[in-house]
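Taking it in order: structure first as structure tokens, then the write-up.
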Amino acid sequence: MTQTTQLLPPFLERLVQESQAIPPQAELAARINSAHQQCVAFPTTALLHARNAGEWLLQAQEQLTPEGWLSWLKECCTVSERTAQTYMQIARGWPKLVPSPAILPASETSALALRDCERAELYSNVEEPIQIAATLEPAPPISPKETLVPATDTLTFFIPGGVVPKARPRVTANGTFLPPRYRAWRNHAEVEIFKQLGEKSSLPVLPLQRAAVKVRLIGKHRMNADGDNIVGSCLDSLVAAGVIKNDNLSYIPEIYFKLIPQGTQGVQITLLPLPSPEGSK
């Protein structure tokens with residue numbers, strides 16, 4: 005199988021900032037602060053910035069005692085301990101990547117330090133899903149005549165747990181950012197997608213230029229959630245992970261949704277690549 009980095013689209017690959025040598029603690033703090041600010045400011049690529057911050061936090065943790073690490077975190081970094089633990093969890097679950105030599109100078113990263121770190125509490129106020137079951141009509145099967153692609157090209161992902169419906173970014177005096185619950189689910193979903201991509205023996209060319217998408221919501225979920233926002237959360241995660249190029253109708257002309265009350269709670273996403281429309285280039 006090819007290197008994991010080939011799974012990432014070029015614009016995401018450039019965001020992976022790793023170094024062969026462990027930088028000094030002061031430079032680590034500057035990079036962590038910069039990645040934290042970018043995680044808040046750019047929701048579309050927040051997962052990679054969170055992963056970068058987690059990698060550098062883990063490096064600092066290896067250099068210091070537990071007490072020294074906590075003291076350094078409070079004095080030198082603009083992230084809370086809770087957010088730092090979330091970033092490190094994302095970094096631990098990330099597939100191993102080939103290091104990239106491109107790293108921002110400390111003078112640039114330190115200038116991007118965030119003044120208000122509490123906005124990035126990714127897992128604050130997470131609500132448990134309401135335990136209610138329901139049934140919907142089964143989704144119609146995708147016609148092989150319409151797809152005209154081999155079944156081996158089908159991609160399937162399973163994101164465990166409850167799904168947080170898509171939420172609009174919040175605009176405040178301090179900037180625009182995603183609500184914490186939705187951002188937390190997005191990070192969780194994108195990590196799962198990257199991990200499952202790395203486990204597949206063969207893949208079609210990514211991102212998919214055109215695809216049919218089938219979303220199966222499995223288990224018990226909140227029944228007052230909008231189905232279109234559930235699908236929107238899944239599509240946003242696929243775009244951010246580089247699986248599909250875009251989620252507008254020209255790229256995703258077929259979408260199916262089905263609720264399956266029995267089974268392990270989560271969402272199964274199946275993508276079937278479609279040929280380009282006749283006459284298009």
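Here this note's numbering is used: the first residue of the sequence shown is 5, the next is one more, and so on. For every residue, glycine included, the Cβ atom is placed at its ideal position computed from N, Cα and C.
Shortest alpha-carbon distance to A50 belongs to which of Q266, E194, M227, I222?
-> For A50, the nearest C-alpha among the options comes from E194.
Determine the direct distance from the alpha carbon of E31 to that of T268, and round the result to whole angstroms.
-> 43 Å
Are there 16 or more other CB atoms within 10 angstroms of the CB of Q67, so buried, or fewer, so exposed?
-> exposed
Taking three-plus beta-carbon pairs below 8 Å as touching, is the stretch 269 to 277 in contact with the stretch 158 to 169?
-> yes
So who's on the other strand from F261, going by DSSP bridges?
-> V219
Hey, how far is the Cα of T90 from the Cα of V243?
-> A direct Cα-to-Cα measurement between T90 and V243 gives close to 22 Å.
What are the boundary residues of the alpha helix (DSSP H) that includes R190?
-> Unbroken alpha helix (DSSP H) run through R190: 184 to 203.
Whose C-alpha, out of G97, A54, F161, Y186, is nearest the C-alpha of L221?
-> F161
Bridge partners of R174, per DSSP?
-> F181
Residue closest to R96, alpha-carbon to alpha-carbon, out of W76, V44, A57, L275 = A57
What whole-angstrom Cβ distance do I36 and W73 have, given they're in contact under 8 Å?
-> Between W73 and I36 the Cβ distance is about 12 Å, and since that is not below 8 Å, they are no contact.
Helix, strand or coil: which one does DSSP assign to Q24?
-> Residue placement at Q24 is flagged as unreliable, the pLDDT there being 40, under the threshold of 50; the coordinate-derived value follows with that caveat. Of the three classes helix, strand and coil, the one that applies to Q24 here is coil, per DSSP.
Is the CB-CB distance between F261 and V217 below 7 Å?
-> no
Take the Cβ of V247 as the centre, count every other Cβ of all protein chains shown within 10 Å, and call the residue buried at 16 or more, exposed below.
-> buried
Helix, strand or coil: which one does DSSP assign to V235?
-> Under the three-state reduction of DSSP output, V235 falls in the helix class.
Run through DSSP, which three-state label would V243 get?
-> helix
Assigned exposure category for M227 - 16 Cβ within 10 Å defines buried = M227 should be labelled exposed.
Taking all protein chains shown into account, decide if A33 is buried (16 or more other Cβ within 10 angstroms of its Cβ) or exposed.
-> It is buried - the Cβ of A33 has at least 16 other Cβ atoms within 10 Å.
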